[in-house]
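Peer 1:
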Amino acid sequence: MTDDLLTAPVTGTPLPVDRFRVHRTARTVDVDRVLDVLDGRLAAYLVSEYVSAADCSVLTANFANSTDRIPRYGEGADGVEAYVLGASHIEKTTDQYLDQAAATAPAMRALYTGVHDPVSRLRELLLASGALTGRPAEHDGRRAGDSKAVCWNNIGEYLLLPHDDLAQLSDPLQAGFEIQTVRRVLAINVYPHVPGAGGALRIWNVAPDHATRARLGLTHSGYPYPPELLTAHPALDIPVHTGDLCLINGNLIHAVLGGDDRDRGRLLLTCFSGVSDQGEFLWWT
Ligand SMILES: O=C(O)CCC(=O)C(=O)O
Ligand SMILES: [Fe+2]
2 MTDDLLTAPV TGTPLPVDRF RVHRTARTVD VDRVLDVLDG RLAAYLVSEY VSAADCSVLT
62 ANFANSTDRI PRYGEGADGV EAYVLGASHI EKTTDQYLDQ AAATAPAMRA LYTGVHDPVS
122 RLRELLLASG ALTGRPAEHD GRRAGDSKAV CWNNIGEYLL LPHDDLAQLS DPLQAGFEIQ
182 TVRRVLAINV YPHVPGAGGA LRIWNVAPDH ATRARLGLTH SGYPYPPELL TAHPALDIPV
242 HTGDLCLING NLIHAVLGGD DRDRGRLLLT CFSGVSDQGE FLWWT
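Sequential numbering from 2 applies to the sequence shown in the working numbering.
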């Protein structure tokens, strides 16, 4: 491999400049703006105070008290990249993922004890609008997870390095899983606890092309793109706060910016979603 393969800038498709922006509302969700992100007409939509302070406290305490949190090992402090509750399809076979979704369902129900699950609430709003029909992704009669909870344990420059949420759908381990037909990922992110000023989302205006992924060895992961290869693309920073909902076009490269010790404990509730080749709105974790 020559050096050029690893040092050439990331190339791909941008959103038109007038679409590369974040729309904001407080408390109320404008379903049309969610559809704008889903359909590629908007980079991101942030709803502040989406979750009440009382529900944020309950969710944060439920997560802290859960005995089912699993450390995920990576590059981070003490080698622990994140604490995760719930299933993740990344780098698993479809069956392994669906097994994990079933096994973690009781822990996820426990996480939402005493609150209306805010990730489901967003999907309920979308489906109630009549604009879409939807369901969790399925395979052989078994269903994907509804949400997962993630607490990144890294601090420093990035809590999570630049990546896209689309490439991971192409993993040959999941051949035939219906999420592989989704062409644009809508990431549904809810933040019950953001203790510090760090942990902002940064979105670059580029959906990477196959050639970029291939030369960087990221064809089926979309993670991580070296930040120094992204400098030619405009970027949008979206600080997130306790109670926020942030919907993003996950095809665009994005990252979670870092922080310091005060940022430890930032809690994310999330699912991925998108429209299948059958025209159904699907979600998974
Ligand atoms: O932690 C966040 O705010 C976003 C995480 C993210 O982009 C992902 O898990 O794909
Ligand atoms: Fe992401």
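Note that beta-carbon positions come from the ideal geometry of N, C-alpha and C, so glycine has one too.
Does the count of Cβ pairs from the region 51-71 and the region 141-149 closer than 8 Å reach three?
Peer 2: no
Peer 1: If you draw a straight line from the alpha carbon of residue 163 to that of residue 259, how long is it in whole angstroms?
Peer 2: For the purposes of this step, residue 163 is taken as residue 162 along the sequence shown, with counting starting at 1. For the purposes of this step, residue 259 is taken as residue 258 along the sequence shown, with counting starting at 1. About 12 Å.
Peer 1: Any idea what DSSP makes of residue 250, helix, strand or coil?
Peer 2: By one-based count along the sequence shown, residue 250 stands at place 249. Strand.
Peer 1: Provide the residue span of the beta strand (DSSP E) that contains residue 206, from first to last.
Peer 2: Mapped onto the sequence shown, residue 206 falls at position 205. Careful: residue 206 lies outside any beta strand (DSSP E) and carries neither H nor E.
Peer 1: CB-CB under 8 Å to residue 50, same chain, minus the five flanking residues each way: which ones, in chain order?
Peer 2: Position 49 of the sequence shown, counted from the first residue, corresponds to residue 50. Here the set comprises 27, 28, 244 and 245.
Peer 1: Answer yes or no: the CB of residue 166 versus the heavy atoms of ligand 2, is any distance below 7 Å?
Peer 2: Here residue 166 refers to the residue found at position 165 of the sequence shown. Result yes, Cβ under 7 Å from ligand 2.
Peer 1: Is residue 267 closer than 8 Å to residue 153 when the C-beta atoms are compared?
Peer 2: On the sequence shown, residue 153 is found 152 positions in, with the first residue counted as 1. On the sequence shown, residue 267 is found 266 positions in, with the first residue counted as 1. Yes, they are a contact pair.
Peer 1: Quick check for students: name the residue ranges of the beta strand (DSSP E) that lie wholly in the region 155-221, counting only runs of 3 or more.
Peer 2: 157-164, 187-194 and 202-205
Peer 1: On a Cα-Cα basis, can you pick out the residue from 195, 173 and 120 that is closest to residue 188?
Peer 2: On the sequence shown, position 187 is the one that residue 188 refers to. Nearest option by C-alpha distance: 120.
Peer 1: Going along the chain, which residues of its own chain have a beta-carbon closer than 6 Å to the beta-carbon of residue 216, five neighbours each way excluded?
Peer 2: As a first step, residue 216 must be located in the sequence shown, where it is residue number 215. 6, listed in sequence order.
Peer 1: Kindly examine ligand 1 and report whether one of its heavy atoms sits closer than 7 Å to the Cβ of residue 155.
Peer 2: The sequence position of residue 155 within the sequence shown is 154, counting from 1. Checking every heavy atom of ligand 1 against the Cβ of residue 155, none is found closer than 7 Å.
Peer 1: Taking buried to mean at least 16 other C-beta atoms within 10 Å of its own C-beta, is residue 279 buried or exposed?
Peer 2: Sequence index remark: in the sequence shown, residue 279 carries index 278 (1-based). It is exposed - the Cβ of residue 279 has fewer than 16 other Cβ atoms within 10 Å.
Peer 1: Tell me whether residue 255 counts as near ligand 2, meaning its Cβ is closer than 7 Å to at least one heavy atom of that ligand.
Peer 2: By 1-based counting over the sequence shown, the position of residue 255 is 254. Yes, Cβ of residue 255 sits closer than 7 Å to a heavy atom of ligand 2.
Peer 1: What do you get for residue 214, buried or exposed, if any count of 16 or more other CB atoms within 10 angstroms of its CB means buried?
Peer 2: What you label residue 214 is simply residue 213 of the sequence shown in a count that begins at 1. The residue in question, residue 214, is buried, as its Cβ has 16 or more Cβ neighbours within 10 Å.
Peer 1: So the beta strand (DSSP E) residue 332 belongs to, where does it begin and stop?
Peer 2: Nothing about residue 332 can be reported from this structure: the residues present for the chain run from 2 to 286 only.
Peer 1: Does any heavy atom of ligand 2 sit closer than 7 Å to the C-beta of residue 132?
Peer 2: One-based indexing of the sequence shown puts residue 132 at position 131. No, ligand 2 has no heavy atom inside 7 Å of this Cβ.
Peer 1: Say whether the region 159-178 touches the region 233-242, bearing in mind that this needs 3 or more beta-carbon pairs closer than 8 Å, one atom from each stretch.
Peer 2: no
Peer 1: Would residue 44 and residue 249 be called neighbours here (beta carbons separated by less than 8 Å)?
Peer 2: The residue labelled residue 44 in the question sits at position 43 within the sequence shown. The residue labelled residue 249 in the question sits at position 248 within the sequence shown. In contact: residue 44 and residue 249 (Cβ atoms closer than 8 Å).
Peer 1: What do you get for residue 34, buried or exposed, if any count of 16 or more other CB atoms within 10 angstroms of its CB means buried?
Peer 2: Residue 34 sits at position 33 when you count from the first residue of the sequence shown. Counting Cβ neighbours within 10 Å, residue 34 comes out buried, since at least 16 surround it.
Peer 1: Assign residue 74 to one of three DSSP states: helix, strand, or coil.
Peer 2: Position 73 of the sequence shown, counted from the first residue, corresponds to residue 74. Residue 74 falls in the strand class under three-state DSSP.
Peer 1: How is residue 227 classed by DSSP in three states: helix, strand or coil?
Peer 2: One-based indexing of the sequence shown puts residue 227 at position 226. Reduced to three states, the DSSP call for residue 227 is coil.
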